[in-house]
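Participant: Residue numbers (this note's numbering), protein chains in the order written: chain G, 1 to 352; chain D, 1001 to 1352; chain F, 2001 to 2356; chain E, 3001 to 3356. Each residue gets a CB set at the ideal place from its N, CA and C atoms; glycine is no exception. Following this message is one structure expressed as structure tokens.
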Amino acid sequence: MATMVQAVRLALHYGEENLGVTDVFGQDVGPPLGGVFTATQGLKTAWNTPLDERGIVGTAMGIAYAGGRPMCEIQFCDYGFNTIDLLKVAGNQRWAAGGQWDMPIVLMTPSGSGIRGSLYHSHSFESWASRLAGWKIVMPSNPLDAYGLMLSAIADPNPVMVLLPKALLRLKGDKLIPGEPENADELKKMIDAPVGDRSRWQPRWPAIQEYFVPLGVASLVREGDDATVVSYGRTLPLCAQAADQLRQETGAAIDVLDLRSIFPYDWKAIRASVEKTGRILIVNEDTEVTNFGEHLLRRVVEELFYDLSVRPRVLFGKHLPGIGLNPVYEQNTVPQLGPIKEALAALVQEEA
Amino acid sequence: MATMVQAVRLALHYGEENLGVTDVFGQDVGPPLGGVFTATQGLKTAWNTPLDERGIVGTAMGIAYAGGRPMCEIQFCDYGFNTIDLLKVAGNQRWAAGGQWDMPIVLMTPSGSGIRGSLYHSHSFESWASRLAGWKIVMPSNPLDAYGLMLSAIADPNPVMVLLPKALLRLKGDKLIPGEPENADELKKMIDAPVGDRSRWQPRWPAIQEYFVPLGVASLVREGDDATVVSYGRTLPLCAQAADQLRQETGAAIDVLDLRSIFPYDWKAIRASVEKTGRILIVNEDTEVTNFGEHLLRRVVEELFYDLSVRPRVLFGKHLPGIGLNPVYEQNTVPQLGPIKEALAALVQEEA
Amino acid sequence: MPKKNSMPMKERAVKPRIVTGDEFLSAERCVAIHRIMVRARVMEERMIKMSKSGEGFFWIGGPGEEAFNACLGLQVKKGEGPAFDFLLLKYRNSAAMIAMGMELIDGVRQMAMRWSDPFSAGRNFTGHFSRKGWNVVPVTPVIEVQFVMAPGTALMQKRHGGDGVTIVIGGDAGSAEGDFASCLIWSTRPGNELPVLMLTTNNGFGISTSHASQHSCEHTTERGKAFGIPGEVVDGNDPVASWFAIERALRYCRSTRRPFMLEAMVSRLYGHSSSSGAPHSGEPDCLALFEERLLAAGVLDQAALDQVHEAAHAEVEAAVEQVAREAKPTAEDVQKFTYAPSKVDSVYPGDYTGLP
Amino acid sequence: MPKKNSMPMKERAVKPRIVTGDEFLSAERCVAIHRIMVRARVMEERMIKMSKSGEGFFWIGGPGEEAFNACLGLQVKKGEGPAFDFLLLKYRNSAAMIAMGMELIDGVRQMAMRWSDPFSAGRNFTGHFSRKGWNVVPVTPVIEVQFVMAPGTALMQKRHGGDGVTIVIGGDAGSAEGDFASCLIWSTRPGNELPVLMLTTNNGFGISTSHASQHSCEHTTERGKAFGIPGEVVDGNDPVASWFAIERALRYCRSTRRPFMLEAMVSRLYGHSSSSGAPHSGEPDCLALFEERLLAAGVLDQAALDQVHEAAHAEVEAAVEQVAREAKPTAEDVQKFTYAPSKVDSVYPGDYTGLP
Ligand SMILES: Cc1ncc(C[n+]2csc(CCOP(=O)(O)OP(=O)(O)O)c2C)c(N)n1
Ligand SMILES: Cc1ncc(C[n+]2csc(CCOP(=O)(O)OP(=O)(O)O)c2C)c(N)n1
Ligand SMILES: [Mg+2]
Ligand SMILES: [Mg+2]
């Protein structure tokens, strides 16, 4: 099975061949490296830029204005905070100019903790991103979704941000991408650049197929009547794991919703689940003050208050200036399996 | 009585004379203009900068590192979105470096709608700002609080952002600043620069006194047992007005909390009020997805869920790319008196 | 005041022209430029009135920059897509838009915040143009960000082939933003140089702050040298000098597919904006100066000049009257144009419709 | 491998020295510089091992920049406050810190993420120094932001009087960020010029991307000309040339209270960081080159060189051993140092204690 970086690479290749992608660019995105996580190796339109995030976002906008379909990368979301004004403009230009121009840009950036990244390779971006009106924001938690969401991001004529969970980038999925060779080693040989001299390396692309994960559609990865947990990105597999363990240990059955699209989010799916269970836990790893999960909680309270059996819950990262390098810091700053499981157990057990 | 701009000017003067303020700077902050809202006219340390927000914030940080106490201005918060990375660094440097350096900077910037500012003079900033760990954020709703919060912002050795509600900048207060002349015209003559040639004008400063509004302390501007409304900035006087009208029309008595400090916020005051009333409405004009008010709502739900008599409510600005110039846009984008009053009435009337 | 009995064209001296140094503009071109300048000026002055009368609110615009902008707009290769010039403007370029063919009524529609405003549907300040058919991308109120977009449009133009150029304009103060430097770097990547014409209209001020007080670099063009970008400084009050400086600059970009820098020294006749009250600044007025020359050279006589003004006034007044009758946006319009329709979005297949 | 029987100093030729062009460094200075370079190199190489053994994680650092950095650190006017030099460093300046007096064990503490790490309490990557007593402000992982802070420290220095200088260092690739240009503008405001020494250590790469592929401006110093900032490019692999270039640059800033630009051409001996595996790049090694010259000039013989290496290894190993016994941060430490105590804050009068 492909890893998430391979899935992204395949999606971008598919985009170049079939969806009109004209430029894949950013710091170290082109040869020889093909991206610090190798997500852009071997792509025919990939090129390197100066070390200038504002130039990257602005150039993407210019390319889009002139009819191109660019996919630009911010090397780590942690380094995108000097471009928020440009992201706002990319999101508001259509509205501001009365609908004259589309802005079909994709901005991809790794987000979140889990790679011992210290202060500046551990930031989460979704709460910031969710405030950018005019944008659509997605965050896959497995390679197949990464492939399908990236294809939708490319096909959508609006600016779409693809947040890639740093911690899951190198993990293999458990479902094949349509057209992906069954043997992971073979895929690796075909599309991973060799270590050492790559100057004459060329990828051999498998005959992958179109597969859209539509924007705004969550995925129910576990089903149950006892509670609802909503998450995405790094914390999603932890939520699923916690639900599995609780099921085995206590018999409790829990709906685990992988949101996948952060904006627009799948409100129908959340509502249906909470109407069924009356109990909800929202989990992400972004900092807890003015967190996107608090928005979801507000929607729940606003529309489903009288359907709730118990207090709705959240589990977020601490409101702190950063995540420290020593693992003690990270473990005590962002949600890990143990606390997620405890929170879920408490949610299920509380007397209605 | 002083207007809010005059109050800010008096506070900065007091800061220069008594609290060690070394630099008041930003675009058009120095002579001849003294700020696009005139808030920095006549100040002895005021100077003009190049048109470069990143330089402004960075220079403030450098001045602080070298022992100064700078107050820098971003002309409109709408133009601060290219500095979020620097704001993050200002907020995290102490934590990141194990507590070695203080960062006593004050960043003042006008925020919010109400001046027919169109897309880029109508933004709200508090939801973004509340995500900046390591910062403290305040927003006054009247001149006296502006004076007292500015003095605290200056005295605090951490980075403090002072958000000034654009709509209220030119309104007079109803309480004197300690030491302020009773006659508003006299104050004007003393500290407002004349129209026309100002090259030889010098302010005559009244003998104003120290007056701190401590950070983290809300102000209860109306009292009542029937419901709680929490707000700040432009929407605060509208909430008070709505409460007054409801009181007259229906007899309902409502706690109106002026938060004043957005971070740290006065949780004790909110809790005490909600424990008393069981009903809460949170109002601000920032966009509604991942809004700071949603954080407050989350705290209420987390800690006071079983004290609530009815569904807690919120009223925010719409999730839109901007506020349009034609008044039709603004009126239908951010909360106005009518809808605030309706929401308050509904909150009070709902059967428990 | 228009005078009667203006001298008919045919009676004038043969081949009058306006000369600066060894360059000149023909009478026909002068007349065309002059008419644009007058129409722009009259429109802007009417807008200043609107900002005071309540017919509109905030005014900001281009009086003092008409000579340069008219010459620019007339030399644009106008059209849609990468075969044509792209224009990344700021908020003082109405004369360039008028030179390209903009109807004055469209400017008035924006000032009056009408739903019919073709640039922003009554949402943005005056002078914040956008016109897809002419490659005029939306002017943003955020100073200088157009300079990081310019490499993107220019890249597409270079890749497309042909001679399309990206024309990006900023003010003198705005050049302090890092984005100006980014444009220098991105438009000269070795082997990937880009056809960007970087224009600065230098009026000596950013709001109240003088250029001289903040900038040791007198002209932005000096900053190009380190990057091998040629440049020129021109008197933007002189249409002859401006015309040929723009012609040279565009020719260079079109033929070499590389960047060029041009800085025009201009006036800011009514101050920064209506926020500063918009009084007349007394700086040299490119229109008055040009008219003196037109009279002196016999290109137009006073009566002819007056007729141009009269016609412009009539045009603008008619526009203001018609616009007053046009519809405002309604509450239902607030969310419109947020999203383009998308086949892969299950929540917003059409436009934005509020929270999911 | 250390050799026995090294020649004692007194037996050596009188006044050996190391010469480049018509400049030279005395034997004493060479020995001092060399010892710093070796200690820096040995520490960094041990850290690379730590990044592979699990004693630490990510490594990034200065091998290849020791000659230049040692010469810089030795010439700093060290102290606290605006009377002294301020250092706004990046992550490859360990040799400068060692030259200023940093104990190697402090570097190791940060690499090992100990609570005792004096620069970041185990929070930041190695090489991210901060030392208030020496005016070394916290190195941030965000590239180039130090260039917008430099005008602030320099302003305070100029105002204070004396000859303190702000030394700000960036990489070649980082100069593409707008912040580099901001520093040019802010340090040359007419009448308010600032004593900023803008240093670039040019190793030809930003991670995998060559400088030549992105920059038409070969040296950052060229960009200063438009602002009247003098500059120099120096071979950072040569301690003699580096010493005097730094001396000239600092003298200029100290005496004129104006900015100067210096670009040092350096090597990046172990690649960008441990993320790229940290293999040896084969670029010129300033330490090996210097040792050849020291031997040839008879400043030190092989045995003396070996002793320096041996001592450095012993120092680092002892440090690694001691640090292994030092405490890690605990769960209780996570919130510490967020806020400075404040008399006007009713919620956080001391440090941060979680949500209000
Ligand atoms: C990023 C940003 N900062 C500040 C402002 C507020 N502002 C509007 S115009 C202006 C001055 C611009 O001066 P200049 O670039 O010389 O252009 P001019 O108005 O003189 O033509 C300022 C500071 C803004 N619009 N955008
Ligand atoms: C703003 C920002 N963007 C991207 C990065 C990721 N990054 C870390 S080092 C580096 C390359 C820096 O190159 P250069 O400035 O030449 O310094 P060098 O590492 O070569 O010494 C990059 C892109 C970052 N740290 N900060
Ligand atoms: Mg100007
Ligand atoms: Mg480099």
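Quick check on DSSP: helix, strand or coil for F:Ala2264?
Facilitator: The answer is strand: DSSP assigns F:Ala2264 an E or B state.
Participant: Going by other Cβ atoms of all chains shown within 10 Å of its Cβ, with 16 needed for buried, is D:Arg1204 buried or exposed?
Facilitator: So D:Arg1204 ends up on the exposed side.
Participant: For E:Lys3343 and D:Asp1156, what's the separation of their Cα atoms in angstroms?
Facilitator: Straight-line Cα distance between these residues: approximately 7 Å.
Participant: Check distances from the C-beta atoms of the stretch 58-70 of chain G to those of chain E and list, in chain order, the residues that come in under 9 Å.
Facilitator: Per Cβ criterion, the list is empty.
Participant: Under the three-state reduction of DSSP, which class applies to G:Arg360: helix, strand or coil?
Facilitator: Residue coverage of chain G in this structure runs from 1 to 352, which leaves residue 360 of chain G outside it and unanswerable.
Participant: So, G:Glu53 versus G:Thr83, is the Cβ gap smaller than 7 Å?
Facilitator: Closer than 7 Å, so yes.
Participant: Over the uninterrupted alpha helix (DSSP H) stretch that includes E:Phe3129, give me the two end residues.
Facilitator: Element bounds for E:Phe3129: n/a, residue is neither H nor E.
Participant: Answer yes or no: do G:Arg279 and G:Leu168 have a C-beta to C-beta separation smaller than 7 Å?
Facilitator: Not closer than 7 Å, so no.
Participant: What residues from the stretch 3302-3335 of chain E come within 7 Å of chain G, judged by C-beta to C-beta, listed N to C?
Facilitator: The stretch 3302-3335 of chain E vs chain G, Cβ under 7 Å: Lys3328, Pro3329, Thr3330, Ala3331, Val3334 and Gln3335.
Participant: Since F:Ala2112 meets chain G, which of its residues come closer than 7 Å, beta carbon to beta carbon?
Facilitator: Those within 7 Å of F:Ala2112 in chain G number zero; the least Cβ separation is about 15 Å.
Participant: Taking Cβ positions, are E:Ala3181 and F:Ala2181 nearer each other than 7 Å?
Facilitator: Cβ atoms of E:Ala3181 and F:Ala2181: closer than 7 Å.
Participant: Please indicate yes or no: does the CB of D:Asn1048 lie closer than 6 Å to some heavy atom of ligand 3?
Facilitator: No - ligand 3 has no heavy atom lying nearer than 6 Å to the Cβ of D:Asn1048.
Participant: Would you list the one or two residues that DSSP bridges to G:Lys136?
Facilitator: Answer is G:Val160.
Participant: Please confirm if F:Gly2061 has its CB atom under 7 Å from at least one CB of chain D.
Facilitator: Chain D, which has no Cβ nearer than 7 Å to the Cβ of F:Gly2061, makes this no.
Participant: Does the distance between the C-beta of G:Gln75 and the nearest non-hydrogen atom of ligand 2 fall short of 6 Å?
Facilitator: Yes, Cβ of G:Gln75 sits closer than 6 Å to a heavy atom of ligand 2.
Participant: Which residues in chain E have a C-beta closer than 9 Å to the C-beta of G:Gly324? List them in chain order.
Facilitator: Correct list: Met3113, Ser3120, Ala3121, Gly3122, Arg3123, Asn3124, Pro3329, Asp3333 and Val3334.
Participant: Under the DSSP definition of a beta bridge, which residues are partnered with G:Asp353?
Facilitator: Absent from the structure is residue 353 of chain G, since the part of chain G shown begins at 1 and ends at 352.
Participant: Provide the residue span of the alpha helix (DSSP H) that contains G:Asn18, from first to last.
Facilitator: Where G:Asn18 is concerned, the enclosing alpha helix (DSSP H) stretches over Met4 to Asn18.
Participant: For G:Gly356, name the three-state secondary structure that DSSP assigns.
Facilitator: Examination of residue 356 of chain G is not possible in this model, given that chain G is present from 1 through 352 alone.
Participant: Taking D:Asp1258 as the reference, which of D:Leu1151, D:Thr1290, D:Leu1238 and D:Pro1321 has the closest Cα?
Facilitator: Residue D:Leu1238 is the option with its Cα nearest to D:Asp1258.
Participant: Under three-state DSSP, which class holds E:Gly3202?
Facilitator: Note that residue 3202 of chain E is Asn in the sequence shown, not Gly. Here E:Asn3202 sits in strand by DSSP.
Participant: Can you give the Cα-Cα distance for E:Met3009 and E:Glu3045, rounded to whole angstroms?
Facilitator: At E:Met3009 the pLDDT is 49, less than 50, meaning the model places this residue with poor confidence; the figure from the coordinates comes in the next sentence. Rounded to whole angstroms, E:Met3009 to E:Glu3045 spans 29 Å at the Cα level.
Participant: Work out the CA separation of F:Ala2331 and F:Met2113 for me, nearest whole Å.
Facilitator: Looking at the two C-alpha atoms, the distance is approximately 14 Å.
Participant: Looking at C-alpha atoms only, which residue of G:Gly20, G:Gln6, G:Val21 and G:Phe316 is the closest neighbour of G:Gly35?
Facilitator: Taking only the C-alpha atoms, the option nearest G:Gly35 is G:Gln6.
Participant: Could I get the ranges of all uninterrupted alpha helix (DSSP H) runs contained in the stretch 3157-3194 of chain E, with 4 residues as the minimum, in chain order?
Facilitator: Counting whole runs of 4 or more residues, the stretch 3157-3194 of chain E contains the alpha helix (DSSP H) stretches 3178-3186.
Participant: Short of 6 Å in beta carbon distance, which residues of its chain neighbour E:Ile3169, apart from the five on each side in sequence? Order them along the chain.
Facilitator: Leu3089, Lys3090 and Leu3199, listed in sequence order.
Participant: Determine the chain G residues that contact D:His1319 at a beta-carbon separation under 7 Å, and present them in chain order.
Facilitator: Correct list: Ala133.
Participant: Apply the 10 Å Cβ neighbour rule to F:Pro2341 and answer buried if 16 or more other Cβ atoms are within range, or exposed otherwise.
Facilitator: With fewer than 16 Cβ atoms within 10 Å of its Cβ, F:Pro2341 is classed as exposed.
Participant: Closer than 6 Å from C-beta to any heavy atom of ligand 3: which residues, in chain order?
Facilitator: Any residue whose Cβ sits closer than 6 Å to a heavy atom of ligand 3 makes the list: F:Gly2171, F:Asp2172, F:Ala2173, F:Asn2203, F:Phe2205 and F:Gly2206.
Participant: Tell me whether D:Gln1375 counts as near ligand 1, meaning its Cβ is closer than 6 Å to at least one heavy atom of that ligand.
Facilitator: In the structure displayed, chain D extends from 1001 to 1352; residue 1375 of chain D sits before or after that span and is not available.
Participant: Given the structure, does D:Arg1131 come close to ligand 1, in the sense that its CB is under 6 Å from one of the ligand's heavy atoms?
Facilitator: D:Arg1131: no, Cβ never under 6 Å from ligand 1.
Participant: Please tell me whether E:Lys3132 has its Cβ less than 7 Å away from any Cβ of chain C.
Facilitator: Included in the structure are the protein chains G, D, F and E, with no chain C among them.
Participant: Do the CB positions of D:Ala1240 and D:Arg1222 come within less than 7 Å of each other?
Facilitator: Yes, they are a contact pair.
Participant: Please decide whether E:Ser3346 counts as near chain F, where near means a Cβ-Cβ distance under 7 Å.
Facilitator: Output row for E:Ser3346: interface = no.
Participant: Using 7 Å as the threshold, is the C-beta distance between E:Leu3025 and E:Ile3018 below it?
Facilitator: Cβ distance < 7 Å, so E:Leu3025 and E:Ile3018 count as in contact.
Participant: Below 8 Å, how does it come out for the stretch 3142-3158 of chain E and the stretch 1053-1071 of chain D: are there three or more Cβ pairs, yes or no?
Facilitator: Touching, yes, given that three or more Cβ pairs across the two stretches are closer than 8 Å.
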